[in-house]
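This is the structure we're talking about:
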């Protein structure tokens, strides 16, 4: 990086007795290397303050044009200074693109500027990140004077207050400001006393280095706190580098302040051209002069305190003020010896061979906006102030309306949001006294709304006078009016976009700010338009006849407000915790039995239990034979479970499921299928009616969260009048299913007080009981194998004890644990569907052999109207059928394509007739078989299909869906 020194070897740090620089600790020196230059700095410095203190202003070149750029601002709004950072402490990662003015230096830190584009780190981040949930009465965003006044008022009323600010120190732009007085004391003293009172209050939390980056519904905010980057030493393990705050506030005070705007003129991007507030910030916060000979160019009064300060230090050349009539503040500056050139503008700049600013061209500003006589001023630094843009981002993210304020010359809050209060310059109140007053009132109003009442105590600041703000955003080109004359009038410094680019956009017929934003990429860079957006709108208003700033409006503000790290958002949810491995309470028992595991959704489940010397196929065969001829047991705890309560629960379920639930009796269960509004199978499972107003729903293992969201979505958006609540209880219960002809005998050993006779305990009934070993349980007659089956559900803490009790009770009957592989075969033999395996999102219940589950009597349910569509009446819809290899031994992969004999030898590509959803070796059938989705399958029983992916192609016969015990007699234990 070609970093050029303003004056080599010269320090631009002002003596502490002249300007203290309240943010830095001059007794704690550090050494940093920036762009290859090793230089001294102080604790509290940032990358850019350290650069300026050592006479360097140039940062990374511009992203597209490669033009030299310099430090522009003193905060998050700087679009130029983007750095990679490597800190000296161990076990940290190099950051690839941070905003220079926000990066606090640490000893031996290395920072290098980049040309607008960073590079992702190639190594894993070893740091620790976490997140918290906060529920304050009042959230105050911004700890400038207005935010502090609001927090102080709310806290004195007794409210729980959370106050957040992106900077390391509280006080905003007031920090270090000379001459400012509040309640009769210097502003820095008032800030210190206010912060001390807030910190002493146990109901108040103040967090610096914390950016609120997103505002969402119901006063939900997200913020990121940078906790350790400013420290030299390695932090203890378990202390997070960043913390993401999830905040739900009762009331919100937005005291987010405002950003100063540059002015658009020719060559307004050179190193040495800064925002006036940036010059003031570096001087008063860090004790650093931005240059030796400084000029200011302004449309408003905000620069004059800085002008007087620079004049006293002997570094002010002149103030160029576009306004014809000097304001009262400007006249006071003249009386203090400030040189003001009024009714004038800066129309061009000059530089030396090192691309540093050396002079400005000042032109007389005529009434029609044209340029008059010019003169040159020799300066090395120019501070510009085109006015102030209130930081309305969070308000706008909540779809809050904004309006153009002609007095402020900025977009301000148009219509307040419910439960939002606004304070300080975000409201357009740019005077200190106004900001303190409306801050105190906003804090009181927020506290009052949470039930904490107080009398408003306004901090008092000296009354100020604010002169008019000139409506200048673009200075005419001294080179003519064609587009090329404006090729160096920069509107967006990060994206290298100029007035010429806006001219091309409007010339192409665009008038919408959203279209021009995308055409030019203005406001899409690192700073998200903080310095360029309003100027871009101003340029548009001048180019589009009859379009005012209000007419054009702003672009949409979206989260995040400023760059945040993905890893910070993830918090602890990365690595092994990104997708946590879920285990049932019986997992250790499966390990002890030597189970081979597989993943089912997020759950680890036993796939099969091989004994010594057994192959996978042998183990699965043994398990299926046991379940068909004797008795087996399986851990079914992973099924999703949702408890539904409320007097309208039955009506709600009747709308959700395709079959009826209104008349389901207490003590019984019913298998149900959910479909989307498109009539396609969504999920399935058995739901039990525990009481008139209480149901217990089972879902697929992988569908529990999806189904819960589905229920909540329909309840909250369409059927909120129905009395029904939904609670996930998937992890509150452990379940063991006992299946097989001998299942009844095992159950009789477990619960001797329950009559398990077929007539006494019917299919789809359940009982609440206490097992003989004292475990409370719910026993249901539900079968996913087609055999006599019982499911025992117990509180999770008894899960392992239940497994052991079932194993002990079944020992004399040679009870056999079986896994998912065996269960897939057992259910496929009966034609039972696995949603997601035998369905692909395009299948209706009728397509998968469940026409019986779709009510013909119900007036309505989700998906019903879809069945009247022509697409559902097609004869060639894919339908689920069984298929059997004619050689009885071939096995094919799931998903294998199926074609007809005619298509087998036809030129490729050919349309398939369907595909295999699962294919197995069946001990019960004495052959291989499977399930397949076949076009018009139910009408093609007996036809032959082929799997062409095999050599030779495997031939199949289409058979009815139910391959084993089609009469269903085994369900009741009959063989």
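Numbering (our numbering), first residue to last: 72 to 1046. Every residue gets a Cβ at the ideal spot worked out from N, C-alpha and C, and that includes glycine.
- Taking C-beta atoms as the reference points, residue 714 and residue 800 count as a pair closer than 8 angstroms.
- With respect to residue 173, residue 165 sits apart: the two C-beta atoms are not nearer than 8 angstroms.
- Straight through space, the alpha carbons of residue 160 and residue 300 are spaced by roughly 10 angstroms.
- Residue 932 places its beta carbon 8 angstroms or farther from that of residue 788.
- When the five nearest sequence neighbours on each side are left out, the beta carbons in the same chain lying within less than 7 angstroms of the beta carbon of residue 557 are those of 548, 569, 570, 571, 574, in order along the chain.
- Between residue 366 and residue 344, the alpha-carbon positions lie close to 10 angstroms from each other.
- For residue 764, no alpha helix (DSSP H) run applies, since DSSP gives it neither H nor E.
- In this structure residue 96 is in contact with residue 114, their Cβ atoms being roughly 4 angstroms apart against a cut-off of 8 angstroms.
- Comparing alpha carbon positions, the residue from 505, 473, 576 closest to residue 622 is 473.
- By the neighbour-count definition (other C-beta atoms within 10 Å, threshold 16), residue 330 is a buried residue.
- In this chain, the beta strand (DSSP E) harbouring residue 100 covers 96–105.
- Short of 6 angstroms from the beta carbon of residue 865, and not among the five residues preceding or following it, lie these beta carbons of its own chain, in chain order: 805, 846, 848, 873.
- By the beta-carbon neighbour count (other beta carbons within 10 angstroms, threshold 16), residue 677 is buried.
- Between residue 740 and residue 835, the CB-CB gap stays under 8 angstroms.
- Within its own chain, the residues whose Cβ lies closer than 8 angstroms to the Cβ of residue 690, once the five positions on either side in sequence are excluded, are 679, 680, 681, 682, listed in chain order.
- Residue 1000: not part of any alpha helix (DSSP H); member of the beta strand (DSSP E) spanning 998–1006, first to last residue.
- Runs of the beta strand (DSSP E) spanning 3 or more residues and lying entirely within the segment 321–402 occur at 322–325, 329–331, 344–346, 365–369, 387–392, in chain order.
- Here the alpha carbon of residue 500 sits roughly 15 angstroms from the alpha carbon of residue 529.
- Ranked by how close their Cα comes to the Cα of residue 624, the residues 463, 393, 753 have 463 in first place.
- Take the alpha-carbon of residue 203 and the one of residue 295: they are about 10 angstroms apart.
- Burial state of residue 602 is buried, judged by a 10 Å Cβ sphere holding 16 or more other Cβ atoms.
- With contacts defined as CB atoms closer than 8 angstroms, residue 326 and residue 481 fail to qualify as a contacting pair.
- In the DSSP annotation of this structure, the continuous segment of the alpha helix (DSSP H) that includes residue 622 starts and ends at 620–623.
- In this structure, the beta-carbon distance from residue 821 to residue 842 falls below 8 angstroms.
- Residue burial annotation: residue 423 is exposed, with fewer than 16 other C-beta atoms found within 10 angstroms of its C-beta.
- By the criterion of at least three beta-carbon pairs nearer than 8 angstroms, the segment 452–472 is not in contact with the segment 314–321.
- Under the rule that a run must span 4 or more residues, the alpha helix (DSSP H) segments found entirely inside the segment 601–677 read 604–614, 620–623, 637–641, 658–663.
- It is roughly 38 angstroms from the alpha-carbon of residue 999 to the alpha-carbon of residue 831.
- Here the C-alpha atom of residue 923 lies approximately 16 angstroms from the C-alpha atom of residue 754.
- Distance check between residue 361 and each of 862, 979, 286, 123 places 123 closest, using alpha-carbon atoms only.
- Taking the C-beta atoms as reference points, residue 989 is found nearer than 8 angstroms to residue 909.
- Taking a 10 Å sphere around the C-beta of residue 452, we find 16 or more other C-beta atoms and assign the residue as buried.
- Residue 430 places its beta carbon 8 angstroms or farther from that of residue 328.
- A distance below 6 angstroms between beta-carbons, with the five flanking residues on each side excluded, links residue 938 to the following residues of its chain, in chain order: 750.
- For residue 297 and residue 279, the gap between their C-alpha atoms comes out near 8 angstroms.
- Each residue's CA atom was taken as its position, placing residue 525 and residue 219 some 16 angstroms apart.
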